[in-house]
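Just below is one structure, and these are the notes that go with it.
Residue numbers (the numbering used here): 427 to 674.
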């Protein structure tokens, strides 16, 4: 598996970096995890529209879904220009709440090019060689994390979540954790919607992960400080960077 960073900020874009968006690739399979602001322009640096297989949206906050309409419009024009296969379809896995947001996405431009499915915690899906298990998350809107397996390789993505004891189990022995580093340590509280940088490090340490990739980075925070706070608990930590690709 290969993960490419299309956007890594939250809850709003930073300088030169859009919000959450990741391209997960396995052989000829291309899956988008999230589709936040600014990510559509990045995507076409890596694949052609005809090669997109699926989109997974963990929840319906704007910093995770805002470029979906631009994706739909791009595919609409690609179809008009004859650039898509005759039976082209992108599978979309998303939350059904808030209902108004789900309805908005389902009525996107060229909606006939999409096949929408609702997901919840403990659902399993298979996309070619990728086996995906959705796990619970603690966030103001219905949200999931996800464990992705390709044969013996395992990526765990926390989605947006605060601390949960079960996260360690969900991420156990991951080859890599893509973590919601939404807050510096000093900004975190029990009712926060995100993990702190230090808690991301603790998660990777306690889960026995091999690597930790920090994302959903708050643009207002000192990035070096975030990295240092995570590294206090887990040595093999790195900040994600837009445009970079990582092998799992």
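Glycine residues also receive a C-beta, built at the ideal position from the N, C-alpha and C atoms. If you're wondering where the values come from, they're calculated on a predicted model, not measured in any experiment.
* To do: Could you tell me which residues DSSP pairs with residue 671 in its beta bridges?
  => Answer is 430, bridged to residue 671.
* **Sequence-distant residues of the same chain with beta carbon closer than 7 angstroms to residue 547, five excluded per side** => 560, 561, 562 and 570
* Asked: Between 617, 673 and 580, which lies nearest to residue 634 when the distance is taken from Cα to Cα?
  -> 580
* **Sequence ranges, alpha helix (DSSP H) only - wholly within the region 514 to 546, length at least 4** => 525 to 532
* **residue 660, DSSP secondary structure in three states** => In the structure shown, residue 660 sits in coil (DSSP, three-state: anything other than H, G, I, E or B).
* Quick one: is residue 503 buried, meaning 16 or more other Cβ sit within 10 Å of its Cβ, or exposed? -> exposed
* Can you name the start and end residues of the alpha helix (DSSP H) that residue 499 belongs to? -> 494 to 506
* **Alpha-carbon to alpha-carbon, residue 540 and residue 516** => 5 angstroms
* Near residue 492, what residues of its chain come up, given a Cβ to Cβ distance below 8 angstroms and the 5 sequence neighbours on each side ignored? -> Excluding sequence neighbours, residue 492 sits near 445, 461, 462 and 463.
* Could you check the C-alpha separation between residue 448 and residue 431 for me, to the nearest Å? => 5 angstroms
* **Complete runs of the beta strand (DSSP E) confined to the region 581 to 614 [at least 3 residues]** => 602 to 609
* To do: Give the DSSP bridge partners of residue 435, in chain order.
  => 445 and 643
* To do: Could you say which of 441, 453, 435 and 434 lies nearest to residue 428 if we only look at CA atoms?
  => Of 441, 453, 435 and 434, the residue nearest in Cα terms is 453.
* Asked: Pick from 488, 584 and 608: whose alpha carbon is nearest that of residue 597?
  -> 584
* For residue 625, three-class secondary structure by DSSP -> Helix at residue 625.
* **Proximal residues to residue 477 (C-beta, below 8 angstroms), its chain only, five neighbours per side dropped** => 454 and 456
* Which residue or residues does DSSP assign as beta-bridge partners of residue 480? -> 457 and 517
* How about residue 565 and residue 436: do their beta carbons lie closer than 9 angstroms? -> no
* Can you tell me the Cβ-Cβ gap for residue 510 and residue 475, rounded? I've got them flagged as a contact below 8 angstroms. => 7 angstroms
* To do: For residue 628, count neighbouring Cβ atoms within 10 angstroms of its own Cβ and tell me buried if that reaches 16, exposed if not.
  => Under the 10 Å beta carbon count, residue 628 is surrounded by 16 or more other beta carbons and is classified as buried.
* Asked: Does the distance from the CB of residue 399 to the CB of residue 603 come in under 9 angstroms?
  -> Given that the chain is displayed from residue 427 to residue 674, the structure contains no residue 399 and the question cannot be resolved.
* To do: Using a threshold of 9 angstroms, state whether the C-beta atoms of residue 610 and residue 549 are closer than that.
  => no
* One or two residues paired with residue 557 in a DSSP bridge -> DSSP lists 552 and 575 as partners of residue 557.
* Asked: Beta-carbon separation of residue 600 and residue 636 under 9 angstroms?
  -> yes
* **Nearest to residue 482 (by Cα), restricted to the options 573, 670 and 616** => Nearest C-alpha to residue 482: 573.
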